[in-house]
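Visitor: Numbering (my numbering), first residue to last: 10 to 261.
Can you keep this structure in mind? I'll have questions shortly.
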Ligand code: 13P
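Structure representation (structure tokens):
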């Protein structure tokens, strides 16, 4: 059965010493909770990944990066490769976040290359998709998400696809305090699962973890995660608060 996941996307937050404190606090707290079968992933800024994987080695969480460049090495000043992450024991990487699509102009085609580059090194992509508000208001949200998923992921073989985690993050819900309702989340997650069943097969669709992201917090996580097609969350702001993050991680 598919994995339930709560992943914390720290974005560009925390100094080194603050990051160290936060990672340690979360690691300590994780020792005292029952996650059932859920997996916790921390995705700090890249320069803290080594510190995070050192702590993770003796704790109950996995480490994810927030981005990669889709080459193993070369003249790409400022970029980080999946090969580098592999040696650090980073096992996940967020890609296609709406902030990267918006500020760094990442396209579905470019994200396809990132997916391939990660899977080559057995790092699991957490592939973000989601519509902006005008697209939802124009009732185009299903088409938008379909195009994102099709153009970046559906070139994969069934076997490779099974290593992908999808995160539905409606852009209007990110950092706004306006969460998608449980019905809106469930409707889109079921739609995405249907696309996977159509492209691959029913069992691939059933095995795919689909996370919800966008103003998910300690108060609303339980009702969102209770939806049949919502397998956990990709958490931004609330992942920087250890108590609340732990509350979310135990909301299954
Ligand atoms: P917030 O939880 O702060 O809305 O951010 C969600 C997000 O972008 C996670 O990737």
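Ideal placement from N, C-alpha and C gives every residue a C-beta, glycine not left out.
Quantities reported herein were computed from a predicted structural model and do not represent experimental measurements.
Could you tell me the distance, in whole angstroms, from the CA atom of residue 233 to the CA atom of residue 12?
Guide: As a first step, residue 233 is located in the chain shown; it is residue number 224 there, counting from the start. As a first step, residue 12 is located in the chain shown; it is residue number 3 there, counting from the start. Going from the Cα of residue 233 to the Cα of residue 12 covers about 16 Å.
Visitor: Could you spell out the range, first to last residue, of the alpha helix (DSSP H) harbouring residue 112?
Guide: One-based indexing of the chain shown puts residue 112 at position 103. That run of the alpha helix (DSSP H) goes 107 to 112.
Visitor: CB of residue 182 to nearest heavy atom of the ligand 13P: below 8 Å?
Guide: As a working note, residue 182 is residue 173 in the chain shown. Checking the Cβ of residue 182 against the ligand 13P gives yes.
Visitor: Helix, strand or coil for residue 243? Go by DSSP, reduced to three states.
Guide: To locate residue 243, count along the chain shown from 1; it is residue 234. Note: residue 243 maps to strand in three-state DSSP.
Visitor: State the CB to CB distance for the pair residue 132 and residue 94, rounded to an integer number of angstroms; the pair is presumed to be in contact (CB under 8 Å).
Guide: Stepping through the chain shown from its first residue, residue 132 is reached at position 123. Stepping through the chain shown from its first residue, residue 94 is reached at position 85. Going by Cβ atoms, the distance from residue 132 to residue 94 rounds to 6 Å, so yes, they are a contact pair.
Visitor: Measuring alpha carbon to alpha carbon, tell me which residue in 77, 22, 208, 25 is nearest residue 135.
Guide: In the chain shown, the residue the question calls residue 135 occupies position 126. Closest option to residue 135, Cα to Cα, is 77.
Visitor: May I ask you to verify whether the segment 187 to 204 touches the segment 152 to 162, counting CB pairs closer than 8 Å and requiring at least 3?
Guide: Verdict: yes, contact present.
Visitor: Give a yes or no on contact between the segment 210 to 219 and the segment 242 to 252, applying the rule of three or more CB pairs nearer than 8 Å.
Guide: Because the criterion of three Cβ pairs below 8 Å is not met, the segment 210 to 219 and the segment 242 to 252 do not touch.
Visitor: Return the residue from the list 245, 170, 168, 138 that minimises the CA-CA distance to residue 197.
Guide: Start at 1 with the first residue of the chain shown, and residue 197 comes out as number 188. Per the Cα distances, 138.
Visitor: Quick check on residue 48: does DSSP put it in helix, strand or coil?
Guide: In the chain shown, counting from the first residue as 1, residue 48 sits at position 39. Strand, per DSSP.
Visitor: What is the rounded straight-line gap between the Cα of residue 98 and the Cα of residue 87?
Guide: Sequence index remark: in the chain shown, residue 98 carries index 89 (1-based). Sequence index remark: in the chain shown, residue 87 carries index 78 (1-based). Straight-line Cα distance between these residues: approximately 21 Å.
Visitor: The alpha helix (DSSP H) that contains residue 154, what's its start and end?
Guide: Walking along the chain shown from the start, residue 154 turns up at place 145. First-last of the alpha helix (DSSP H) with residue 154: 150 to 162.
Visitor: Applying the criterion that 16 or more other CB atoms from any shown protein chain within 10 Å of the CB defines a buried residue, is residue 212 buried or exposed?
Guide: As a first step, residue 212 is located in the chain shown; it is residue number 203 there, counting from the start. Its Cβ having fewer than 16 others within 10 Å, residue 212 is exposed.
Visitor: Judging by CA-CA distance, which residue of 69, 15, 225, 52 is the nearest neighbour of residue 40?
Guide: Residue numbering aside, residue 40 sits at position 31 when the chain shown is read from its first letter. Looking at the Cα atoms, 69 is the closest of the given residues.
Visitor: Do you know how far the Cα of residue 184 is from the Cα of residue 35?
Guide: As a position in the chain shown, residue 35 is number 26, starting the count at 1. As a position in the chain shown, residue 184 is number 175, starting the count at 1. Approximately 22 Å, taken between the alpha carbons.
Visitor: Taking 8 Å as the limit between beta carbons, can you name the residues of its chain near residue 51, skipping five residues before and five after?
Guide: Here the question's residue 51 lines up with position 42 in the chain shown. If we look at residue 51 and ignore the five residues flanking it on each side, its Cβ neighbours are 16, 17, 19, 32, 35, 61, 65, 70, 71, 72, 73, 248.
Visitor: Rounded to the nearest angstrom, what separates residue 259 and residue 242 at their Cα positions?
Guide: Locating residue 259 in the chain shown gives position 250, counting from the first residue. Locating residue 242 in the chain shown gives position 233, counting from the first residue. In a straight line, the C-alpha of residue 259 is about 11 Å away from that of residue 242.
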